[in-house]
Ligand SMILES: Cc1ncc(COP(=O)(O)O)c(C=O)c1O
Ligand SMILES: Cc1ncc(COP(=O)(O)O)c(C=O)c1O
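Protein chains in written order, with my numbering: chain A, 6 to 157; chain B, 6 to 157; chain C, 180 to 604; chain D, 180 to 604.
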């Protein structure tokens with residue numbers, strides 16, 4: 006079977022050259038998430054600045070999907086208004102639930118559209134969602150009101 | 006199916022007219038046994054006299070098989086030498102394990118041969134053995150050395 | 180609502196075609212002990228083994244994905260059957276494990292608290308606290324609470340029974356009081372047939388801040404039951420009494436209650452992080468499902484629920500209600516027969532216990548068996564209930580979707596035959 | 180001893196005929212997670228349901244007799260398989276429950292003793308007492324003991340590992356000392372493949388009066404194991420890894436140890452007498468089997484044991500030994516592959532964990548899966564063992580009676596393909 010739909014070039018590229026790695030100093034919120042079945046880990050830190058823009062930093066270890074997802078996520082959300090970020094989060098969650106049949110909104114998701122193929126592999130969806138769960142949890146811990154679907 | 010092989014006349018007679026009912030005063034040994042699945046109960050008391058003869062008394066409540074078995078047992082063992090009783094015990098245990106194919110020794114077992122049919126009904130074997138288990142246990146408690154197979 | 184056709188239904192159950200005791204047709208009147216299984220359940224289980232067997236939640240290959248989907252799909256189906264969400268349903272090996280899981284939440288929290296661990300105070304018991312059950316509990320909902328009491332110093336209390344087989348709610352207010360931390364009661368008695376006013380008792384429990392537990396083993400297979408209506412915090416039942424395979428049961432829990440319960444069985448699949456010296460745990464339901472689960476059995480249970488859904492639980496309940504009315508009437512026509520439990524068909528299920536004057540229940544069962552009729556005899560794992568009614572044991576008939584008037588008539592004829600055989604009529 | 184013919188054996192396993200991932204033949208290399216089931220096991224289970232299904236130990240009718248005989252017959256068969264007597268074998272839902280049963284004997288006895296109940300002092304723990312495991316335990320034999328420690332104040336210790344995947348017995352004498360009350364170790368590691376010197380460790384436990392427990396999940400399916408040779412007091416393993424159904428496991432116990440262990444799950448069938456305020460309990464094994472048991476699964480397991488007996492466990496072990504040697508050699512020919520655990524075929528079983536330089540184990544597994552090869556990735560429920568060897572996870576292949584050289588060759592080709600795909604070779 007062709008795994009190219011899973012391992013898109015964009016994903017492999019983010020995996021090999023992750024962007025935005027590193028935790029924020031004194032973050033407003035921090036969350037460490039693990040995937041208990043495979044041991045993948047991601048820590049996400051967030052801080053909201055005076056203009057309502059979110060800043061994000063992360064560290065992690067794990068498979069290509071979880072680590073590339075963290076890198077793509079950090080690019081997507083860094084320095085953007087919180088309301089916009091929630092729209093991105095919701096779009097990504099929808100994509101992961103689409104079982105490969107969704108047509109992702111490229112304008113909202115940008116590089117994250119590459120994860121469309123992941124949604125066909127139930128065991129890998131958790132990998133892709135791991136950094137997003139950490140982001141959501143870090144926001145909660147920072148006292149930022151979150152909305153939208155749960156990651157369960 | 007014919008249940009007459011189970012409910013022999015001798016058994017029904019002992020059930021309706023139990024012999025030897027009553028506990029001994031100050032017995033050397035006493036044992037209360039229950040069948041946890043159906044709630045049948047038998048208490049057996051024993052005392053060995055100076056001549057090495059065993060005396061036995063019992064009380065119980067339960068189905069025809071367990072109560073008739075107690076009555077037959079008391080007749081068979083009352084006032085007999087302990088070594089002889091052990092031979093009877095062993096013969097009865099063998100009979101119960103014979104799955105209906107044994108030819109019981111009438112001289113040793115007397116009325117107890119009527120229980121041959123019980124050995125074809127696994128769920129009733131426990132009923133028939135209940136007073137004998139109590140006898141064995143009462144003997145142990147009286148300090149009388151027992152031998153032969155276990156009742157498990 | 181269409182009514183059931185037991186003759187047609189019977190054809191779905193291969194075992195019901197067999198003969199017993201020298202070629203006599205089987206009359207199966209022991210469904211309160213365990214039900215028979217329709218072909219659809221056996222097929223579902225077998226086809227799982229032949230196509231998708233793998234350790235669920237434990238692999239990245241296609242079979243493991245399929246096994247996980249089959250297992251979680253069954254959970255969702257079962258949850259839907261009782262109006263619950265999937266993450267509120269824990270799979271256990273039987274109802275007994277579910278009730279023990281509930282009971283161990285208390286003894287474990289109590290022991291952990293004593294050694295300085297933080298626990299939900301709702302579960303930590305101390306001497307002076309009380310646990311409430313009823314006098315009609317199955318041993319599975321009595322003995323675990325006796326053990327909790329023995330391990331924590333709490334006191335066990337019980338709600339008594341009236342002569343006609345009902346809960347005696349007269350002194351409910353004195354049995355359930357401010358010392359009460361948990362109330363665990365049966366929804367439908369397996370020995371008396373009584374349906375209890377579960378909601379009222381659960382409300383009384385909640386009024387004093389106690390956790391409410393329900394043993395729904397005999398109700399969920401036989402009538403529509405919704406978790407919301409019961410008003411309980413935890414509800415246990417088994418699969419094998421509702422057409423499902425042996426080896427699987429369920430514990431439903433309110434999300435906020437499950438969330439703070441300490442784990443019970445620990446090991447693989449229920450953890451979050453494991454270090455040599457300590458571990459953290461996954462959220463429910465995974466927290467309560469340690470080890471490779473009974474995947475094939477869950478799949479079979481899913482098919483059982485589908486079968487019941489197709490019949491419609493309203494239709495099932497109506498069928499049983501009618502049949503129980505008929506059975507109560509026919510049995511009580513027999514001189515010497517005494518029904519132990521409600522004698523009329525009001526707030527009662529289809530398990531009917533009775534005694535026959537002059538014949539031990541075991542012997543009644545034996546004569547019925549010799550005529551191909553399978554019933555249960557003994558204390559039915561409700562020994563204290565037998566004592567309450569002054570009987571050492573009873574004979575019990577219990578029906579299900581595949582039984583009809585003919586089965587009851589056969590039992591009645593068998594009881595009369597027993598009376599003749601033992602010379603009491 | 181005749182040697183096995185995997186090609187012929189494969190024909191007995193319906194699932195192994197299926198294809199995966201767009202029509203590719205399945206190469207199943209995940210038997211350490213769960214084994215596939217031969218037709219004979221599925222047939223035995225189904226035929227039980229179709230002819231003799233009833234609640235075992237709970238009725239006087241013919242079906243109940245047959246069900247009881249089938250269930251107890253399976254117990255005798257399984258006991259014989261490990262050289263034990265039937266009354267020393269307790270059926271559980273999986274190995275995890277068996278290990279928890281062992282662990283709860285300690286926490287329950289400790290709590291009962293604190294509240295004035297008489298218990299066997301071997302099981303009552305206090306602060307200052309120690310519990311010993313190893314650094315290569317499956318979570319199922321680690322987390323339950325962490326919980327016992329947390330509930331009793333006892334201390335958990337562990338035997339460390341050497342760099343080549345063996346128990347480090349150098350400091351055995353300091354880990355197991357006079358404070359030690361229980362020593363629980365794995366017989367064959369599911370992640371490293373290591374076979375441990377169980378007898379030596381059990382003897383060390385007994386020398387200080389501790390109870391010895393063995394997790395035999397990965398050994399009993401793969402080689403002849405006799406309870407007498409292990410020298411343990413309690414031994415747990417599961418059915419689903421030895422061709423049996425899901426939902427059944429076993430705990431063997433020495434008669435004198437089981438005899439004084441307090442009950443674990445309580446309820447029906449495990450009691451002697453039940454009163455409202457207290458109960459007495461049946462002797463083992465019934466004392467540890469509360470509720471309607473997994474009868475059909477026991478019957479299926481009996482058929483699984485028969486299948487293995489027919490092959491001969493010596494032949495099974497020889498087949499696996501040869502195959503493991505081949506796999507170790509072929510894997511280590513690949514540049515960048517590191518075997519985690521013993522690298523030669525000495526005192527080791529057929530589970531082989533490895534890493535591939537530059538590719539995450541999860542991604543290796545995915546490429547193999549895309550070629551129809553089912554392996555396991557992750558920490559294999561032995562997270563502390565992963566930490567010991569500095570890896571976040573591994574990829575694991577594990578074989579059984581239906582695997583041959585061709586399956587290993589397929590895995591090797593798949594690993595090379597993964598290296599190419601991820602540009603690391
Ligand atoms: C070594 C070992 N111990 C314990 C277990 C747990 O077995 P189960 O999941 O059947 O309870 C396993 C398998 O998962 C194992 O490999
Ligand atoms: C009312 C009730 N509670 C509990 C149980 C125990 O169920 P199980 O044996 O499936 O654990 C039963 C059935 O045996 C029952 O009828």
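Backbone N, C-alpha and C fix where the C-beta goes; we use that ideal spot for every residue, glycine too.
Exercise. What first and last residue would you give for the alpha helix (DSSP H) that runs through residue 276(D)?
Worked result: Within the fourth chain, numbered from 1, the residue matching residue 276(D) stands at position 97. Per DSSP, residue 276(D) belongs to the alpha helix (DSSP H) from 274–293.
Exercise. Does DSSP classify residue 138(B) as helix, strand or coil?
Worked result: By one-based count along the second chain, residue 138(B) stands at place 133. For residue 138(B), the three-state secondary structure derived from DSSP is helix.
Problem set entry | Separation of residue 428(D) from residue 355(D), as counted between CA atoms | For the purposes of this step, residue 355(D) is taken as the residue at position 176 of the fourth chain. For the purposes of this step, residue 428(D) is taken as the residue at position 249 of the fourth chain. Looking at the two C-alpha atoms, the distance is approximately 29 angstroms.
Exercise. Could you give the distance in angstroms between the alpha-carbon of residue 233(D) and the alpha-carbon of residue 209(C)?
Worked result: The residue given as residue 233(D) occupies position 54 in the fourth chain. The residue given as residue 209(C) occupies position 30 in the third chain. Their Cα atoms are separated by approximately 8 angstroms.
Exercise. Taking a cut of 8 angstroms between CB atoms, which residues from the stretch 183–194 of chain C lie near chain D?
Worked result: For the stretch 183–194 of chain C, residues whose beta-carbon sits nearer than 8 angstroms to a beta-carbon of chain D comprise 193 and 194.
Exercise. Regarding residue 578(D) and ligand 1, is the C-beta to nearest heavy atom distance less than 7 angstroms?
Worked result: If you number the fourth chain from 1, residue 578(D) lands on position 399. Answer for residue 578(D): no, Cβ out of range of ligand 1.
For this session: Kindly identify the DSSP beta-bridge partner or partners of residue 270(D).
Result: The sequence position of residue 270(D) within the fourth chain is 91, counting from 1. Residue 270(D) is bridged by DSSP to 429(D).
Exercise. What do you get for residue 294(D), buried or exposed, if any count of 16 or more other CB atoms within 10 angstroms of its CB means buried?
Worked result: The residue given as residue 294(D) occupies position 115 in the fourth chain. Exposed, since its Cβ has fewer than 16 Cβ neighbours within 10 Å.
Exercise. With 16 as the cutoff for other CB atoms within 10 Å, does residue 408(D) come out buried or exposed?
Worked result: Here residue 408(D) refers to the residue found at position 229 of the fourth chain. With fewer than 16 other Cβ atoms within 10 Å, it is exposed.
Exercise. Can residue 494(C) and residue 182(C) be called in contact, C-beta distance under 8 angstroms?
Worked result: Counted from its first residue, the third chain places residue 494(C) at position 315. Counted from its first residue, the third chain places residue 182(C) at position 3. Against a cut-off of 8 angstroms, the Cβ pair of residue 182(C) and residue 494(C) comes out as a contact.
For this session: Check whether the Cβ of residue 271(D) lies closer than 7 angstroms to any heavy atom of ligand 2, and answer yes or no.
Result: Taking the fourth chain and counting its residues from 1, the one referred to as residue 271(D) is at position 92. Result no, Cβ not under 7 angstroms from ligand 2.
For this session: Please specify which runs of the alpha helix (DSSP H), each continuous and at least 4 residues long, are wholly inside the stretch 192–234 of chain D, giving them in chain order.
Result: Taken in chain order, the complete alpha helix (DSSP H) segments of 4 or more residues contained in the stretch 192–234 of chain D are 218–230.
For this session: Name, please, each residue of chain C whose Cβ falls closer than 7 angstroms to the Cβ of residue 447(D).
Result: As a working note, residue 447(D) is residue 268 in the fourth chain. Those are 275, 317, 318, 319 and 560, listed as they occur along chain C.
Problem set entry | Buried versus exposed call for residue 22(A) [16 or more other C-beta atoms within 10 Å across all chains shown] | Residue numbering aside, residue 22(A) sits at position 17 when the first chain is read from its first letter. When all chains shown are included, residue 22(A) counts as exposed.
Exercise. Taking 7 angstroms as the cut-off, does the CB of residue 43(B) come closer than this to any heavy atom belonging to ligand 2?
Worked result: By 1-based counting over the second chain, the position of residue 43(B) is 38. No, ligand 2 has no heavy atom inside 7 angstroms of this Cβ.
Exercise. Between the stretch 464–475 of chain D and the stretch 258–272 of chain D, do at least 3 Cβ pairs fall closer than 8 angstroms?
Worked result: Output reads yes: the stretch 258–272 of chain D touches the stretch 464–475 of chain D.
Problem set entry | residue 256(C), buried or exposed, once every other Cβ within 10 Å from all chains shown has been counted against 16 | Within the third chain, the letter at position 77 stands for residue 256(C). By the neighbour-count criterion, in which 16 or more other beta carbons inside 10 Å mark a residue as buried, residue 256(C) falls on the buried side.
For this session: Just the C-alpha distance for residue 25(A) and residue 416(D), rounded to the nearest angstrom, thanks.
Result: In the first chain, the residue the question calls residue 25(A) occupies position 20. In the fourth chain, the residue the question calls residue 416(D) occupies position 237. When only Cα atoms are considered, residue 25(A) and residue 416(D) end up about 47 angstroms apart.
Exercise. Is any heavy atom of ligand 2 found at a distance shorter than 7 angstroms from the C-beta of residue 565(C)?
Worked result: In the third chain, counting from the first residue as 1, residue 565(C) sits at position 386. No, the Cβ of residue 565(C) stays beyond 7 angstroms of every heavy atom of ligand 2.
For this session: Report back the beta-carbon spacing between residue 516(D) and residue 510(D) to the nearest angstrom; my notes put them in contact at under 8 angstroms.
Result: Taking the first residue of the fourth chain as 1, we reach residue 516(D) at position 337. Taking the first residue of the fourth chain as 1, we reach residue 510(D) at position 331. About 5 angstroms separates the two Cβ atoms, so the contact holds.
For this session: Tell me, please, whether the CB atom of residue 580(D) is closer than 8 angstroms to any CB atom in chain B?
Result: Stepping through the fourth chain from its first residue, residue 580(D) is reached at position 401. No, no contact with chain B.
For this session: Could you check how far apart the C-beta atoms of residue 470(D) and residue 319(C) are, in whole angstroms? I think they sit under 8 angstroms.
Result: For the purposes of this step, residue 470(D) is identified with residue 291 of the fourth chain, where counting begins at 1. For the purposes of this step, residue 319(C) is identified with residue 140 of the third chain, where counting begins at 1. Their Cβ separation, rounded to whole angstroms, is 6 angstroms, which keeps residue 470(D) and residue 319(C) in contact under 8 angstroms.
Problem set entry | Closest by C-alpha distance to residue 576(D), when choosing among 567(D), 570(D) and 587(D) | Here residue 576(D) corresponds to residue number 397 of the fourth chain, with the count starting at 1. Cα-wise, what sits closest to residue 576(D) is 587(D).
Problem set entry | Proximal residues to residue 10(B) (C-beta, below 6 angstroms), its chain only, five neighbours per side dropped | In the second chain, the residue the question calls residue 10(B) occupies position 5. Taken in chain order, the residues that qualify are 122.
Exercise. Quick one: does residue 381(D) have its CB under 8 angstroms from some CB of chain B?
Worked result: What you label residue 381(D) is simply residue 202 of the fourth chain in a count that begins at 1. Any Cβ of chain B closer than 8 angstroms to the Cβ of residue 381(D) would place that residue at the interface, and such an atom is absent.
Exercise. In its own chain, which residues sit with a C-beta less than 6 angstroms from the C-beta of residue 547(C), not counting the 5 before and 5 after it?
Worked result: Sequence index remark: in the third chain, residue 547(C) carries index 368 (1-based). Excluding sequence neighbours, residue 547(C) sits near 554 and 593.
For this session: Determine, using beta-carbon pairs with one atom in the stretch 104–114 of chain B and one in the stretch 46–63 of chain B, whether at least three such pairs fall under 8 angstroms.
Result: Too few Cβ pairs lie closer than 8 angstroms, so no.
For this session: May I have the straight-line CA-CA distance separating residue 316(C) from residue 322(C), to the nearest angstrom?
Result: Taking the first residue of the third chain as 1, we reach residue 316(C) at position 137. Taking the first residue of the third chain as 1, we reach residue 322(C) at position 143. The straight-line gap from Cα to Cα measures roughly 9 angstroms.
Problem set entry | Runs of alpha helix (DSSP H) wholly within the stretch 460–514 of chain D (minimum 4 residues, chain order) | Scanning the stretch 460–514 of chain D for uninterrupted alpha helix (DSSP H) segments of 4 residues or longer gives 474–490 and 492–511, listed from N- to C-terminal end.
Problem set entry | Cα-Cα separation between residue 3(A) and residue 274(D), rounded to whole angstroms | Summary: the structure shown does not reach residue 3(A), with chain A confined to residues 6 through 157, and so no result is reported for it.
Problem set entry | residue 246(C) versus 259(C), 375(C), 373(C) and 228(C), residue with shortest Cα-Cα distance | Locating residue 246(C) in the third chain gives position 67, where the first residue counts as 1. Ranked by Cα distance from residue 246(C), the first of 259(C), 375(C), 373(C) and 228(C) is 228(C).
Exercise. Is there a Cβ from chain D that is less than 8 angstroms from the Cβ of residue 128(B)?
Worked result: Along the second chain, one-based indexing puts residue 128(B) at 123. With 8 angstroms as the cut-off, residue 128(B) counts as an interface residue toward chain D.
Exercise. What runs of the alpha helix (DSSP H), each 4 residues or longer, lie entirely inside the stretch 365–397 of chain D?
Worked result: Qualifying alpha helix (DSSP H) stretches, in chain order: 377–386.
Exercise. Which residues, in order along the stretch 224–254 of chain C, keep a beta-carbon less than 7 angstroms from a beta-carbon of chain D?
Worked result: Hits within the stretch, in order: 225, 228, 229, 230, 232, 233, 234, 237, 238, 239, 240, 241 and 242.
Exercise. Would you say residue 529(C) and residue 501(C) are within 8 angstroms of each other, going by their C-beta atoms?
Worked result: What you label residue 529(C) is simply residue 350 of the third chain in a count that begins at 1. What you label residue 501(C) is simply residue 322 of the third chain in a count that begins at 1. In this structure, residue 501(C) does not lie closer than 8 angstroms to residue 529(C) by Cβ.
Problem set entry | Helix, strand or coil at residue 46(A) [DSSP, three-state] | Reading the first chain from its first residue, position 41 is the one you call residue 46(A). DSSP places residue 46(A) within a strand segment (E or B) once states are collapsed to three.
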